[in-house]
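Student: What follows is a single structure, and I will ask about it in a moment.
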Amino acid sequence: MTRNERANFGSKLGVILASAGSAVGLGNIWRFPFETGNHGGAAFILIYLVCVLILGIPIMIAEFLIGRRSRANTAGAYQKLAPGTQWRWVGRMGVLTGFLILGYYSVVAGWTLEFIGEAATNSFAGKSPAEFIASFNGFVSNPWRPVIWLILFLLATHFIIVKGVEKGIEKSAKIMMPLLFILLIVLAVCAVSLPGAGAGIEFLLKPDFSKVDGNVFLGAMGQAFFSLSLGMGCLCTYASYFRNDTNLSRTALNVAGIDTLVAILAGFIIFPAAFSVGIQPDAGPSLLFITLPNVFQQAFGNIPWLAVILSLMFYILLALAALTSTISLHEVVTAYLHEEFNFTRGKAAKLVTAGCILLGVLCSLSLGVGKDYTIGGLNLFDLFDFVTAKIMLPLGGFLISVFIGWYLDKKIVWEEVSNNGALNVHIYKLFIFILKFIAPVGIVLIFINELGLFK
Ligand code: PHE
Numbered sequence: 042m043t044r045n046e047r048a049n050f051g052s053k054l055g056v057i058l059a060s061a062g063s064a065v066g067l068g069n070i071w072r073f074p075f076e077t078g079n080h081g082g083a084a085f086i087l088i089y090l091v092c093v094l095i096l097g098i099p100i101m102i103a104e105f106l107i108g109r110r111s112r113a114n115t116a117g118a119y120q121k122l123a124p125g126t127q128w129r130w131v132g133r134m135g136v137l138t139g140f141l142i143l144g145y146y147s148v149v150a151g152w153t154l155e156f157i158g159e160a161a162t163n164s165f166a167g168k169s170p171a172e173f174i175a176s177f178n179g180f181v182s183n184p185w186r187p188v189i190w191l192i193l194f195l196l197a198t199h200f201i202i203v204k205g206v207e208k209g210i211e212k213s214a215k216i217m218m219p220l221l222f223i224l225l226i227v228l229a230v231c232a233v234s235l236p237g238a239g240a241g242i243e244f245l246l247k248p249d250f251s252k253v254d255g256n257v258f259l260g261a262m263g264q265a266f267f268s269l270s271l272g273m274g275c276l277c278t279y280a281s282y283f284r285n286d287t288n289l290s291r292t293a294l295n296v297a298g299i300d301t302l303v304a305i306l307a308g309f310i311i312f313p314a315a316f317s318v319g320i321q322p323d324a325g326p327s328l329l330f331i332t333l334p335n336v337f338q339q340a341f342g343n344i345p346w347l348a349v350i351l352s353l354m355f356y357i358l359l360a361l362a363a364l365t366s367t368i369s370l371h372e373v374v375t376a377y378l379h380e381e382f383n384f385t386r387g388k389a390a391k392l393v394t395a396g397c398i399l400l401g402v403l404c405s406l407s408l409g410v411g412k413d414y415t416i417g418g419l420n421l422f423d424l425f426d427f428v429t430a431k432i433m434l435p436l437g438g439f440l441i442s443v444f445i446g447w448y449l450d451k452k453i454v455w456e457e458v459s460n461n462g463a464l465n466v467h468i469y470k471l472f473i474f475i476l477k478f479i480a481p482v483g484i485v486l487i488f489i490n491e492l493g494l495f496k
């Protein structure tokens, strides 16, 4: 593919599904519950929802318009829209962020493959919650198994990336998204009917504002950016493949809606189940993986074949949801190397995959043999998560909102958001107001608040 022959997403549904496929992933089902658990529950969720509404949706529309207008990778996009300026660094920072996220994200994506194996062999049967915790801890600290899985996962991502945008990304998203959704509803119903699940539901719905501190705000904002794939040019790169008649604001609303729904559903599976079997909600990154097997075991223990089918389906869909996200992360870096350095797509993809394998192996080992090597008290895995989700993505979001709110010619903004006047966009003025004032000021205030400067 040369620069002039950039791919396009085929159908309208394909556009939404591919973007939603990027957004929906481990961020919703693995990261959202453990961040909610770490930050005290319902109050965190409320702040998260506000962040999605006033930061996430406007910044998503902004990324869409930058990508579609420029029809380039995220760094090239700023070069086209703001030639000769330093704005290209926003794109470059996004590429770096994507690379780092893919490094540690693929570790967790690899875990899903191990769990597919466990589900298939019905190894959840008859285990106690304490045994689930012990076997998970044994697995992640093993120097080989998680490493092999993460390499396999990255190779699968690589394979789809080199097959091209339309065929690979669109097809996988079209099949897995609806299936995943149905299965999550089934599991949520099972989880809330476990004995003692009420405490988990209360944790999700009854906010305790006395626990809200700077960390909660930063956590909620970071989670919103991470979960919506925002702040690093991922949706900007996807939008560069959008068609000219794609309705950007409606697509953003749909993607944010689907993404939020999946996260909330995941919450309604994890917390009722965790409280029911006595797992601490602040167990951290292990939360999903030590809680969920209990649901299969408790709800379907008497019907082993059903337990196998449902758990197998769940982990396969989780792996696929992670895959549509790793594809989008990989695509950002690959498109950048391909278009900016004139590597062939194949060679660009190989470089990205090799680099991510290296990062992934280091992150994986930092949970086991390398856990004594810490920076600022965090192992490499946690450090990557912290720096990307809580610093780089919000910083990217800040710069994107300033770029659209203050720098880019409003004629261009209007042309893109309204498809050259063909659409009636009622929220246009509000959109500009948010990007000009609310989003940049809000993000800065949350950063300052985190540093404790308001006390
Ligand atoms: N949004 C993805 C998820 O929730 C992760 C991701 C972050 C993907 C940033 C792309 C960019 O799993």
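Counting in my numbering, the sequence shown runs from 42 upward without gaps.
Every residue, glycine too, gets a C-beta built ideally from N, C-alpha and C.
Would N69 be called buried (16 or more neighbouring beta carbons within 10 Å of its own) or exposed?
Tutor: Position 28 of the sequence shown holds residue 69. Within 10 angstroms of the beta-carbon of N69 lie 16 or more other beta-carbons, which makes it buried.
Student: For A123, I'd like the list of residues in its chain whose CB is within less than 7 Å of its CB, leaving aside the five on either flank, ordered along the chain.
Tutor: Residue mapping note: residue 123 aligns to position 82 of the sequence shown, counting from 1. Within the same chain, A123 has close Cβ partners Y448.
Student: Whose C-beta lies closer than 8 Å to the C-beta of N45 among residues of the same chain, with five residues either side of it excluded?
Tutor: Indexing the sequence shown from 1 puts residue 45 at position 4. Unreliable placement is indicated for N45, whose pLDDT of 43 sits below 50; the coordinate value is still reported in the next sentence. If we look at N45 and ignore the five residues flanking it on each side, it has no Cβ neighbours.
Student: Can you list, in chain order, the residues of its chain with a C-beta nearer than 7 Å to that of V466? Leave out the 5 residues immediately preceding and following it.
Tutor: Taking the sequence shown and counting its residues from 1, one reaches residue 466 at position 425. Counting only Cβ-Cβ distances below 7 Å, and skipping sequence neighbours, we find S290, V458, S459.
Student: Give the range of the alpha helix (DSSP H) segment to which D497 is assigned.
Tutor: What is shown of the chain runs 42 to 496, which leaves residue 497 out entirely.
Student: Where does L492 fall in DSSP's three states?
Tutor: Residue numbering aside, residue 492 sits at position 451 when the sequence shown is read from its first letter. It is coil, neither helix nor strand.
Student: At which residues does the alpha helix (DSSP H) containing G158 begin and terminate?
Tutor: The residue you call residue 158 lines up with position 117 of the sequence shown. Following the DSSP letters along the chain, one finds G158 inside the alpha helix (DSSP H) bounded by residues 129-161.
Student: Please tell me whether P326 and G82 are closer than 9 Å, where the distance is taken between their beta carbons.
Tutor: Numbered from its first residue, the sequence shown carries residue 326 at position 285. Numbered from its first residue, the sequence shown carries residue 82 at position 41. No.
Student: Give the secondary structure of I202 by DSSP, where H, G and I count as helix, E and B as strand, and everything else as coil.
Tutor: For the purposes of this step, residue 202 is taken as residue 161 along the sequence shown, with counting starting at 1. I202 falls in the helix class under three-state DSSP.
Student: CA-CA distance, P248 and A84?
Tutor: The residue labelled residue 248 in the question sits at position 207 within the sequence shown. The residue labelled residue 84 in the question sits at position 43 within the sequence shown. When rounded, the distance between both Cα atoms is 4 Å.
Student: I'd like to check one pair, S317 with F165: are the Cβ atoms closer than 9 Å?
Tutor: Within the sequence shown, numbered from 1, the residue matching residue 165 stands at position 124. Within the sequence shown, numbered from 1, the residue matching residue 317 stands at position 276. No.
Student: I'd like to check one pair, F140 with L502: are the Cβ atoms closer than 9 Å?
Tutor: Residue 502 is absent from the model: the chain starts at 42 and stops at 496.
Student: State buried or exposed for F73, treating a residue as buried only when at least 16 other CB atoms are found within 10 Å of its CB.
Tutor: In the sequence shown, counting from the first residue as 1, residue 73 sits at position 32. That one is buried.
Student: Can you give me the C-alpha to C-alpha distance between G66 and K412, rounded to a whole angstrom?
Tutor: Numbered from 1 along the sequence shown, position 25 holds the residue referred to as residue 66. Numbered from 1 along the sequence shown, position 371 holds the residue referred to as residue 412. Cα to Cα, the separation comes out at about 26 Å.
Student: Would you kindly report the start and end of the unbroken alpha helix (DSSP H) that includes A84?
Tutor: By 1-based counting over the sequence shown, the position of residue 84 is 43. Here the alpha helix (DSSP H) through A84 covers 83-92.
Student: In the DSSP assignment, find the unbroken alpha helix (DSSP H) run with Q264 in it and report its ends.
Tutor: Along the sequence shown, one-based indexing puts residue 264 at 223. Element bounds for Q264: 255-268.
Student: By a C-beta neighbour count over all protein chains shown, 10 Å radius and 16 as the cutoff for buried, is Y414 buried or exposed?
Tutor: Walking along the sequence shown from the start, residue 414 turns up at place 373. It is exposed - the Cβ of Y414 has fewer than 16 other Cβ atoms within 10 Å.
Student: Have a look at F177, H80, C231 and flag the residue whose alpha-carbon is nearest the alpha-carbon of F309.
Tutor: For the purposes of this step, residue 309 is taken as the residue at position 268 of the sequence shown. Each of F177, H80, C231 was checked against the Cα of F309, and the nearest Cα belongs to C231.
Student: Would you say the beta carbon of V93 comes nearer than 8 Å to a heavy atom of the ligand PHE?
Tutor: Mapped onto the sequence shown, residue 93 falls at position 52. Every heavy atom of the ligand PHE is 8 Å or more from the Cβ of V93, so no.
Student: Please determine, among I57, T138, G179, the residue with the shortest C-alpha to C-alpha distance to M101.
Tutor: The residue given as residue 101 occupies position 60 in the sequence shown. Ranking I57, T138, G179 by Cα distance to M101 puts I57 first.
Student: How many angstroms separate the CA atom of Y377 from the CA atom of I202?
Tutor: For this step, residue 377 is matched to residue 336 along the sequence shown. For this step, residue 202 is matched to residue 161 along the sequence shown. Between Y377 and I202, the C-alpha separation is close to 13 Å.
Student: Quickly, what does DSSP pair I416 with across the bridge? List them, please.
Tutor: Counting from 1 along the sequence shown, the entry for residue 416 is found at position 375. The partner list for I416 (beta bridge, DSSP) reads L419.
Student: Given a cut-off of 9 Å, decide if F258 and E491 are closer than it, judged by their beta-carbon atoms.
Tutor: Here residue 491 is taken as the residue at index 450 of the sequence shown, counted from 1. Here residue 258 is taken as the residue at index 217 of the sequence shown, counted from 1. Yes.
Student: Assign T43 to one of three DSSP states: helix, strand, or coil.
Tutor: Residue 43 sits at position 2 when you count from the first residue of the sequence shown. Low local confidence applies: a pLDDT of 40 at T43 is under 50, so the model's placement there is unreliable, with the coordinate-based value given in what follows. In the three-state reduction of the DSSP assignment, T43 falls in the coil class, being assigned neither a helical nor a strand state.
Student: Going by DSSP in three states, S63 sits in which element: helix, strand or coil?
Tutor: One-based indexing of the sequence shown puts residue 63 at position 22. If DSSP states are grouped into helix, strand and coil, S63 belongs with the helices.
Student: Let's see if you can read the secondary structure: which residues bound the alpha helix (DSSP H) around M433?
Tutor: Residue mapping note: residue 433 aligns to position 392 of the sequence shown, counting from 1. Taken as a continuous stretch (DSSP letters only), M433 belongs to no alpha helix (DSSP H), as it is neither H nor E.
Student: Between which two residues does the alpha helix (DSSP H) holding P326 run?
Tutor: Taking the first residue of the sequence shown as 1, we reach residue 326 at position 285. Counting along the chain, no alpha helix (DSSP H) covers P326, and no H or E run does either.
Student: Under a Cβ-count criterion, where at least 16 other Cβ atoms within 10 Å of its own Cβ denotes burial, should T162 be classed as buried or exposed?
Tutor: As a first step, residue 162 is located in the sequence shown; it is residue number 121 there, counting from the start. With fewer than 16 Cβ atoms within 10 Å of its Cβ, T162 is classed as exposed.
Student: Could you check how far apart the C-beta atoms of P184 and V410 are, in whole angstroms? I think they sit under 8 Å.
Tutor: The residue you call residue 184 lines up with position 143 of the sequence shown. The residue you call residue 410 lines up with position 369 of the sequence shown. Their Cβ separation, rounded to whole angstroms, is 5 Å, which keeps P184 and V410 in contact under 8 Å.
Student: Quick check on D249: does DSSP put it in helix, strand or coil?
Tutor: Sequence index remark: in the sequence shown, residue 249 carries index 208 (1-based). Reduced to three states, the DSSP call for D249 is coil.
Student: Counting Cβ pairs, one atom from each stretch, are 3 or more of them under 8 Å apart for the segment 427-435 and the segment 169-181?
Tutor: no
Student: Can you check which of these residues, I453, K252, A362, V454, is closest to S10 by C-alpha distance?
Tutor: Examination of residue 10 is not possible in this model, given that the chain is present from 42 through 496 alone.
Student: Looking only at its own chain, which residues have a Cβ that is under 8 Å from the Cβ of N288, when we skip the five neighbours before and after it?
Tutor: The residue you call residue 288 lines up with position 247 of the sequence shown. Hits under 8 Å: N460, L464.
Student: Helix, strand or coil for A103, going by three-state DSSP, please let me know.
Tutor: Here residue 103 refers to the residue found at position 62 when the sequence shown is read from its first residue. Reduced to three states, the DSSP call for A103 is helix.
Student: Could you tell me the distance, in whole angstroms, from the CA atom of L364 to the CA atom of F266?
Tutor: What you label residue 364 is simply residue 323 of the sequence shown in a count that begins at 1. What you label residue 266 is simply residue 225 of the sequence shown in a count that begins at 1. C-alpha separation (whole angstroms): 18 Å.
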